[in-house]
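Enquirer: Residue numbers (the working numbering), protein chains in the order written: chain A, -15 to 320; chain B, 221 to 464. Submitted below is the structure of interest, expressed as structure tokens.
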Amino acid sequence: MQRKVALKITTTLCTKNGCLDAGTIERVQSLAFLIPQAFVANTQRSLHWFLRLRSSSIFQVCVMSKAVVDVPPKGGFSFDLCRRNEMLSKKGVQTPPFRKTGTTIVGLVFQDGVILGADTRATEGPIVCDKNCEKIHYMAPNIYCCGAGTAADTEAVTDMVSSQLQLHRYHTGRESRVVTALTLLKSHLFSYQGYVQAALVLGGVDCTGPHLHTIYPHGSTDTLPFATMGSGSLAAMAVFESKYHEGLTREEGINLVSEAICSGIFNDLGSGSNVDVCVITKGHKEYLRNHQLPNPRTYVSAKGYSFPKPIEVLLTKVTPLKEKVEVIEGGDAMEE
Amino acid sequence: MGDSQYSFSLTTFSPSGKLVQIEHALTAVGSGQTSLGIKAANGVVIATEKKLPSILVDEASVQKIQVLTPNIGVVYSGMGPDSRVLVRKSRKQAEQYHRLYKESIPVTQLVRETAAVMQEFTQSGAGRPMLGWLQTILDFNVKLKKTKLRALGNMSHKKTLLGVRPFGVSLLVAGFDDNGPQLYQVDPSGSYFSWKASAMGKNVSNAKTFLEKRYTDDMELDDAVHTAILTLKEGYMHLKLLFF
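The following block contains the structure:
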């Protein structure tokens, strides 16, 4: 791509200079022929080669095209700071811990649509930093997405794609499709080469029917009738594999999803607290926040908590630090 | 008129202190189809005549009134394609605002941003991506009337070169937010005003006179709709009378 760009510059500028004589054209053509070989080696070297030609316009072009070469690629992960980070970690500087949703997220397709489920624990290393966070994110009125992985990543990515879907809806005048959300998410995640650590379960009902997909941090996707992601995915999948069948009713589906999430909550350390469920059907959605609370705070001391009594005040004496000096001089003629 | 010499270039003031291109843009608006808006006590109405060039045109595919956000709509008078560009930009602005502040954009903010876009196109070639060297290449291929372009010369030339012109539309933005119902008119120059009732396009003077007579501050939404339709009909009737 850069090669083509440099070529274009040289040819156009040479002709425009007015020197349409055979010599210039020849020179341009010879340049064009020789450039590919030079570029194969090194762009820098070929630029120096240009300079040697001693043509003022081409010289100026070289300066320009050098600028073109330095243009960073659009979008995607920028690896600029990776070396510095490596150097810092060798010197003992640790990256700060980030909030993860060590998680159980699930989804399944039932007879009328899609049911998504998630637990509500967010962890920072070994510490539970949020006992009741929301992991089921809104994408479109008919599409919801559960997120596992780094909490910031899942929220930012789903927010961004939700925005893009809204704009798309305005432009087309139609309901968003699940595959649209899927493609937007996967291409974003792929361009960041897995550094955006968001593992998602995307589900929704559109004009083509109910859909359920999983999206991995590197950008690969699966289309499944039932899916689980996160650290508790194995526990939840065990439940699904034994009890899922096609044509579940709404009640059966919700119970199965709750059971799977509870299995994750009780058997995985990274998942806990409550169960969130979201039911999406054609033209209707129900977000059952805290559908089940299997971990209530059970023990509250009946006596209350007694704190040590404060020390009694025996004496109060105020000593000003500076003496207040009042200066009385023969007042100004102006006063009074 | 000394102005005629200055009517080509957008970025040059005429001796009388006007930007003649913008005046021409307003003329383009004035020859567009009538559209009007009325602010009622509990809502805003915007209306326009949907006049199609022929009966063969699929009228369901033509949408003159567009939605920018769930509580803001817009109608235009003038060049349809220009309005599409503005609608697209405004929608994007509204979405970006929502993403940043997690609140639906207030009507005044959206109008301000739309007006800023329109003003940009009257002063510079802003809104186009910075193409850098490619821009200079393209510049060489354009024939200029009087100026000689030197290779890699003046970058400022490129702004007048690539035919940037003001938008040939006026927009009526109607919205409902925390400050109640609001109606704004945005002109090609980028200036905007809040109106209780306004009209633009053909027959604007008749429409405005009619609105002035009929408008009351405590109008209900249904009354406003009725008045809007009557005003449009009035313009239509006038046209009919002219022919007979």
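All residues carry an ideal CB built from backbone N, CA and C; glycine is no exception. As the structure is a computational prediction, the values presented were derived from the model and not from experiment.
V287/B versus chain A: which residues are under 8 angstroms apart at the beta carbon?
Expert: Result: Y154.
Enquirer: Where do the N-terminal and C-terminal ends of the beta strand (DSSP E) with C191/A fall, by residue?
Expert: It is not in any beta strand (DSSP E) - C191/A carries neither H nor E in the DSSP assignment.
Enquirer: Y289/A by DSSP, collapsed to three states: which one?
Expert: Three-state result, Y289/A: coil.
Enquirer: What are the uninterrupted segments assigned as beta strand (DSSP E) that are 3 or more residues long and contained completely in the stretch 399 to 449 of chain B, given in chain order?
Expert: List check, beta strand (DSSP E) in window: 400 to 406, 412 to 414 and 417 to 420.
Enquirer: Would the beta-carbon of L208/A fall within 9 angstroms of that of L196/A?
Expert: Going by C-beta atoms, L208/A is nearer than 9 angstroms to L196/A.
Enquirer: Considering Cα atoms alone, identify which of L276/B, F430/B, R311/B and L272/B is closest to G300/B.
Expert: The option with the nearest alpha carbon to G300/B is L272/B.
Enquirer: Can you check DSSP and say which residues form a bridge with A102/A?
Expert: Per DSSP, I89/A and D260/A.
Enquirer: Taking buried to mean at least 16 other C-beta atoms within 10 Å of its own C-beta, is I111/A buried or exposed?
Expert: That one is exposed.
Enquirer: Decide yes or no for the touch test of the stretch 114 to 129 of chain A against the stretch 141 to 159 of chain A: beta carbon pairs closer than 8 angstroms, at least 3 of them.
Expert: As far as the Cβ criterion goes, the stretch 114 to 129 of chain A touches the stretch 141 to 159 of chain A, which means the pair count is three or higher.
Enquirer: For K309/B, collect the residues of the same chain with a Cβ closer than 6 angstroms to its Cβ; drop the 5 residues on either side in sequence, then sort them by chain order.
Expert: Here the set comprises V337.
Enquirer: Counting only C-beta atoms, is Q150/A closer than 9 angstroms to chain B at any point?
Expert: Yes, Q150/A counts as interfacial toward chain B.
Enquirer: So is V309/A buried or exposed if we call it buried at 16+ other beta carbons inside 10 Å?
Expert: V309/A is exposed by the Cβ-count criterion.
Enquirer: For S390/B, which of helix, strand or coil comes out of DSSP?
Expert: If DSSP states are grouped into helix, strand and coil, S390/B belongs with the strands.
Enquirer: Does any C-beta atom of chain A lie closer than 9 angstroms to the C-beta of K309/B?
Expert: So, not an interface residue.
Enquirer: Distance check for S147/A and K322/B, CA to CA, integer angstroms please.
Expert: Distance between the alpha carbons of K322/B and S147/A: 11 angstroms.
Enquirer: With C-beta atoms as the reference, is G133/A less than 9 angstroms away from A102/A?
Expert: The answer is no: Cβ separation not under 9 angstroms.
Enquirer: CA-CA distance, I99/A and P278/A?
Expert: Their backbone Cα atoms lie some 20 angstroms apart in a straight line.
Enquirer: For a quick check, are the C-beta atoms of A248/B and G388/B less than 9 angstroms apart?
Expert: For A248/B and G388/B, yes; Cβs fall inside 9 angstroms.
Enquirer: Identify, in the order they occur along the chain, each residue of the same chain with its Cβ nearer than 7 angstroms to the Cβ of C66/A, setting aside the five sequence neighbours on each side.
Expert: The answer is none, since no qualifying residue turns up.
Enquirer: Could you pull out every unbroken beta strand (DSSP E) segment of at least 3 residues lying fully inside the stretch 265 to 301 of chain B, listed in chain order?
Expert: If we require 3 residues or more, the beta strand (DSSP E) runs fully inside the stretch 265 to 301 of chain B come out as 286 to 289 and 292 to 298.
Enquirer: Starting from Q276/A, trace the beta strand (DSSP E) in both directions and tell me its first and last residue.
Expert: Residues H268 to Q276.
Enquirer: From the beta carbon of S255/A, is the nearest beta carbon of chain B less than 9 angstroms away?
Expert: Answer no: the Cβ-Cβ gap between S255/A and chain B never drops below 9 angstroms.
Enquirer: Cβ closer than 9 angstroms: which chain B residues qualify as neighbours of S160/A?
Expert: Neighbours of S160/A on chain B: none; closest Cβ ~14 angstroms, over 9 angstroms.
Enquirer: On the premise that L288/B lies in contact with L330/B, defined as a C-beta separation below 8 angstroms, what is that separation, rounded to the nearest angstrom?
Expert: With a Cβ gap of about 7 angstroms, L330/B and L288/B count as contacting.
Enquirer: If distances are taken between C-alpha atoms only, which option among T447/B, K428/B and P326/B comes closest to G400/B?
Expert: G400/B has its Cα closest to that of P326/B, out of T447/B, K428/B and P326/B.
Enquirer: Using a Cβ-Cβ distance cut-off of 9 angstroms, determine whether Q316/B contacts chain A.
Expert: Yes, Q316/B counts as interfacial toward chain A.
Enquirer: Keeping to the same chain, check which residues put their C-beta closer than 6 angstroms to that of Q177/A; ignore five residues upstream and five downstream.
Expert: Once the five neighbours on either side are set aside, the close Cβ partners of Q177/A are F61.
Enquirer: In its own chain, which residues sit with a C-beta less than 8 angstroms from the C-beta of A211/A, not counting the 5 before and 5 after it?
Expert: Same-chain partners within the cutoff: V90, G91, L92, V185, L196, H197 and T198.
Enquirer: Going by the DSSP bridge assignment, what does V112/A pair with across the sheet?
Expert: The partner list for V112/A (beta bridge, DSSP) reads T107/A.
Enquirer: If you draw a straight line from the C-alpha of I449/B to the C-alpha of G293/B, how long is it?
Expert: C-alpha separation (whole angstroms): 18 angstroms.
Enquirer: Using a Cβ-Cβ cutoff of 7 angstroms, what residues of the stretch 422 to 455 of chain B are near chain A? List them in chain order.
Expert: Correct list: empty, as no residue qualifies.
Enquirer: Chain B beta carbons: is any one of them nearer than 9 angstroms to that of M123/A?
Expert: No, no contact with chain B.
Enquirer: Pull up the distance between the alpha-carbon of L240/A and that of V223/A, whole angstroms please.
Expert: Their Cα atoms are separated by approximately 8 angstroms.
Enquirer: So, using beta-carbon positions, are F396/B and N291/B closer together than 9 angstroms?
Expert: Cβ atoms of F396/B and N291/B: closer than 9 angstroms.
Enquirer: Run down chain A in chain order and give the residues with a C-beta less than 7 angstroms from the C-beta of K312/B.
Expert: Here the neighbours are L151.
Enquirer: Exposed or buried, which one is Q313/B when buried takes at least 16 other CB atoms within 10 Å?
Expert: It is buried - the Cβ of Q313/B has at least 16 other Cβ atoms within 10 Å.
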